[in-house]
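2 protein chains.
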Amino acid sequence: MQEVNVALIGLGNVGMGAAGILAGNADRIARKLGFPLRVKALCSRTVSGKTLPPAFDGVFRTSDWREAVAYPGVDIVAELVGGTTDAAAIIETAISAGKSVVTANKELMALRGAGICDRAAAAGINIAMEASVAGGIPIHNVLREGIAGDRITALFGILNGTCNYILTEIEKNGTAFGDVLAEAQRLGYAEQDPSADIDGGDARSKLAILAALAFGEQISPEAIFKEGIRRITPLDFDYADRLNHTIRLIGSARNVDEGLLLAVRPALIPKTAIMAGVTGSYNAVWVRGEYGQDTFYYGRGAGPSPTGVAVVSDLMRVAREIRAGSPLRVSPFAHAHLGGNRVCGIEHARSAYYLRFRVTDRPGIIATLASILAAKNISLDAVLQLPTDSKQNLPFVITVEPATERSIRQALDEMKGLDFLVEPPLALPIEKGV
Amino acid sequence: MQEVNVALIGLGNVGMGAAGILAGNADRIARKLGFPLRVKALCSRTVSGKTLPPAFDGVFRTSDWREAVAYPGVDIVAELVGGTTDAAAIIETAISAGKSVVTANKELMALRGAGICDRAAAAGINIAMEASVAGGIPIHNVLREGIAGDRITALFGILNGTCNYILTEIEKNGTAFGDVLAEAQRLGYAEQDPSADIDGGDARSKLAILAALAFGEQISPEAIFKEGIRRITPLDFDYADRLNHTIRLIGSARNVDEGLLLAVRPALIPKTAIMAGVTGSYNAVWVRGEYGQDTFYYGRGAGPSPTGVAVVSDLMRVAREIRAGSPLRVSPFAHAHLGGNRVCGIEHARSAYYLRFRVTDRPGIIATLASILAAKNISLDAVLQLPTDSKQNLPFVITVEPATERSIRQALDEMKGLDFLVEPPLALPIEKGV
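Protein chains in written order, with our numbering: chain A, 1057 to 1490; chain B, 1057 to 1490.
Listed below in structure tokens is the structure:
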């Protein structure tokens, strides 16, 4: 059968990973497909300096993406440049030229994915984006087809490998956040400007994409509450341990009475949860369905080869559909507006909470805090204090029974003026659902 | 767009689960597909006695599967009767009639899946079988499409929920195998004749299907080594615990120098492994790829609704392909003969082993056993003996460093004649790969 031809645009980590697989695994891919998947054009701003697989020796190379998109015979454009400017232009140009698109671009797809997919559908071309979320985990495939018959009611993800690496290093070695971050930067696991990762923005884009697919709703990343991991200390892991829990940055989307509740924030999860076994830079997604109940997916969150597998698997699927003559089979956002999933505010969240305080010790502190919580109808569950010798910066923890985020925030607000607090209290939800 | 019509044949657990989802989730399914998925015929030997969803009130019902397959307008036949006789006839009749097939039949597909898929391909119809393995986990979808770009090098699965339930009950409560089995039978978790589950036959069929898909090889279930869980005692969990391991029935398929190595057997796995967190009747699959590295999939192994999700998701995929005019997109066994994966014998397995003995105590036992192992070039790792007061039936454990199954078997063979052994030694591999 006739080959399907690909233009690879962007030869950074992901592009080089995909190129390596397309070259090294070409025979197997052709046998699986029944026809060859051919790289016809390679594009990077620094293409002349790239060491590419020898299999690509005769392949057209350019530093101008327009030439790659327009190259004769190209059926699928793989947009692997990232960002939202050039990437958007590349994708729109491909759509206009009637070429299918495979992208690894979480930021762009989270911001403008629904519109892009609509235009792709109108143009009768396919667009695939498995690599945009949780690199090596085929979670798009699972949500779009594998469990398509179910009605998803909740989804929880560890979606940022850098944060998970930092948190599990703090947990394992008791090292302070800043020291772990510095070491992660030294090792190349964290960016020199780490804020997109550690403040939750990256995980939020990924959650927006997954939730759109799982709940059939257009979701703006900005509408998702986010809180990063800068305030998590080794001490928090000690207290969590005492409660038989650990701490992870969890992106969550779930149906509640008020609508679809979305958040990215550090949370306590039970040590017995499978999710608690997700350490280092791995990613994971927990899905709950009305019919299929709980399923769980785990793998590498990033890295050239795992993300490359996602890109190449997408290329294979799109190529197969092109050869079958049905280019648009199912778009990532085709389920938009399944209904009943209006996004609601974080104040409707309801769970048990872990409240960690740092105070200048004196009598009556617990009584003061307890009475503020009681006034908001929040019931104390436990008060924990691990041994310490600092009376001037004394940490302790109060856990409370399930309460709404609104009432917790109101209580924390009232605590603001208390002069014995060394810093604002840290409030983390205790997730029982994973 | 025009509806796609389904005949549901078999209204046992799985059939009723699928029927419930097709009725209860019909609107959402139609919105996802862009057209309705309609149940046009319902068939069961006891169809008149079934309480079916009210949505199906006007639907044609019959106790004769031939009538259901032949019913006018039926596009897809869902074979949910199980077994290998009627099921085979139903599927072959559907293929002959040019109707696509969705099946949940692990036994039939393990035995004759490749031939059935070849005939389906020749007839230009689609066949899907997600529900045949690991009910609620979309592992077929993952292997066929989600990580299609990868080259899989190993796959490990907890594929039998009954065995996993029994093992984790022994682990949790220290109850003897026979008592847990009796309780499981009382609760309906185990069959009155439990041998297909507890002797590994059911898991072996599932492994044959998964390995065929993952490694592109036709695999006869009979060619797979199997060993059940009847000999696992609470004591084995105590010893495993001392080694910081637990015990699960693991179906494994992996590339070794000699070919593709397949086995279903109880194995020690590290407590820190995510796989060790799979308890009760859950199933899980661990996949290792050359490029994507490790991914892991977890969910309900059985149950009407989780398995029903697999059936309905398959129906949706096949329906979409029918509407797109490309009925045969990718068959479950389409990857047959990717090459390089000739099945090799279990004697080529290589791992550390746990050897548990029961002896009549007397001096020199360890020396005797150690010299037999040494003669086969097997190195002792540790000797463990938990406190006991039985000198006539004294258990202890020897762990050995990585050795081949062949050498272990030769050593066990030589131990056969030793008069101090109360029973043949129990040898379990220690799996480090999961």
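Beta carbons are placed, not taken as given, at the ideal position from N, Cα and C, and that holds for glycine.
If you count every other CB in all the chains shown that lies within 10 Å of the CB of Gly-1348 of chain A, and 16 or more means buried, which is it? buried
Quiz item: Under 8 angstroms between the Cβ atoms of Phe-1413 of chain B and Pro-1451 of chain B?
Solution: yes
Where in the segment 1328-1409 of chain A do unbroken runs of the alpha helix (DSSP H), each at least 4 residues long, occur, reported from the N-terminal end onward? 1360-1379
ask   = Measuring CA to CA, which of A:Ile-1265, A:Leu-1199, A:Leu-1215 is closest to Cys-1173 of chain A?
value = A:Ile-1265
Give the interface partners of Val-1198 of chain A over in chain B, defined as CB-CB distance under 8 angstroms, in chain order.
-> Pro-1194, Asn-1197, Val-1198, Gly-1202
Legend entry - Option in A:Ser-1463, A:Ala-1332, A:Lys-1447 with minimal Cα separation from Ile-1214 of chain A: A:Ala-1332
| said: Does the contact criterion of 3 or more C-beta pairs under 8 angstroms hold for the segment 1239-1253 of chain A versus the segment 1290-1298 of chain A? | reply: no
How would you list, in chain order, the residues of chain B whose beta-carbon sits under 7 angstroms from the beta-carbon of Tyr-1353 of chain A? Tyr-1353
**Per-residue contacts from Met-1372 of chain B into chain A (C-beta, under 7 angstroms)** = Ala-1204, Gly-1205
What's the call for Glu-1015 of chain B, buried or exposed, on a 16-neighbour Cβ count within 10 Å? No statement about residue 1015 of chain B is possible, as the shown extent of chain B runs from 1057 to 1490 and does not include it.
* Can you list the residues of chain A that Asp-1297 of chain B reaches, using a CB-CB cut of under 9 angstroms? -> Those do not exist, as Asp-1297 of chain B stays about 16 angstroms from chain A at its closest Cβ, beyond 9 angstroms.
- Beta-carbon separation of Leu-1067 of chain B and Ser-1100 of chain B under 8 angstroms? yes
- prompt: Less than 8 angstroms separating the beta-carbons of Ile-1306 of chain A and Asp-1292 of chain A?
  reply: no
Legend entry - Sub-8 angstroms separation of Pro-1322 of chain A and Leu-1440 of chain A beta-carbons: no
Taking the C-alpha atoms as reference points, what is the distance between Gly-1105 of chain B and Val-1157 of chain B? 26 angstroms
>> Can you confirm whether Ser-1361 of chain A, when its beta carbon is compared against all beta carbons of chain B, has any partner nearer than 8 angstroms?
In response: yes
For His-1301 of chain A, which residues does DSSP report across the bridge?
A:Pro-1326
Suppose you measure from the CA of Leu-1436 of chain A to the CA of Ala-1426 of chain A; what does that come to, to the nearest Å?
7 angstroms
**Request:** Report the neighbours of Lys-1447 of chain A on chain B: residues whose CB is nearer than 9 angstroms to its CB, in chain order.
**Result:** Going along chain B, no residue has its Cβ under 9 angstroms from Lys-1447 of chain A, so there is no contact; the nearest lies around 39 angstroms.
- Message: I want to verify the contact list: residues of chain A whose CB lies under 8 angstroms from the CB of Ile-1077 of chain B, in sequence order.
- Response: Gly-1205, Asp-1206, Tyr-1347
- Anything in chain A within Cβ reach of Val-1341 of chain B, meaning under 7 angstroms, just list it in chain order. Neighbours of Val-1341 of chain B on chain A: none; closest Cβ ~11 angstroms, over 7 angstroms.
**Request:** Out of A:Ser-1152, A:Gly-1080, A:Asn-1216, state which residue places its alpha-carbon closest to the alpha-carbon of Ser-1308 of chain A.
**Result:** A:Asn-1216
Output the boundary residues of the alpha helix (DSSP H) element that contains Asn-1220 of chain B.
1217-1229
**Message:** Are the CB atoms of His-1301 of chain A and Ile-1486 of chain A within a distance shorter than 8 angstroms?
**Reply:** yes
- Task: Anything in chain B within Cβ reach of Asp-1131 of chain A, meaning under 9 angstroms, just list it in chain order.
- Result: Those do not exist, as Asp-1131 of chain A stays about 16 angstroms from chain B at its closest Cβ, beyond 9 angstroms.
Assuming contact is defined by CB atoms lying nearer than 8 angstroms, are Gly-1345 of chain A and Val-1368 of chain B in contact in what I supplied?
no
task: For Val-1365 of chain A, go through chain B and note every residue whose CB falls closer than 7 angstroms to its CB, in chain order.
output: Ile-1203, Gly-1205, Asp-1206, Gly-1345, Tyr-1347, Gly-1348
| query | Between which two residues does the alpha helix (DSSP H) containing Thr-1424 of chain B stretch? | reply | 1421-1431
Open item on the list: Taking a contact to mean a Cβ-Cβ separation below 8 angstroms, would you say Met-1372 of chain A touches Ile-1085 of chain A in this structure?
Closed with: yes
Notebook entry, point to check: What in chain B is Cβ-close to Gly-1068 of chain A, meaning under 8 angstroms?
Noted result: The contacting residues do not exist; Gly-1068 of chain A stays about 17 angstroms from chain B at best.
Q. In three-state terms, what does DSSP make of Val-1137 of chain B?
A. coil
So with Cβ pairs under 8 angstroms, would you call Ile-1065 of chain A a contact of chain B?
no
What's the C-alpha gap between Asp-1258 of chain B and Ala-1232 of chain B?
22 angstroms
- prompt: Alpha carbon to alpha carbon, how far is Glu-1479 of chain B from Cys-1400 of chain B?
  reply: 30 angstroms
* Work out the CA separation of Phe-1352 of chain B and Arg-1200 of chain B for me, nearest whole Å. => 15 angstroms
> At a Cβ threshold of 8 angstroms, is Asn-1229 of chain B touching chain A?
Replying inline: no
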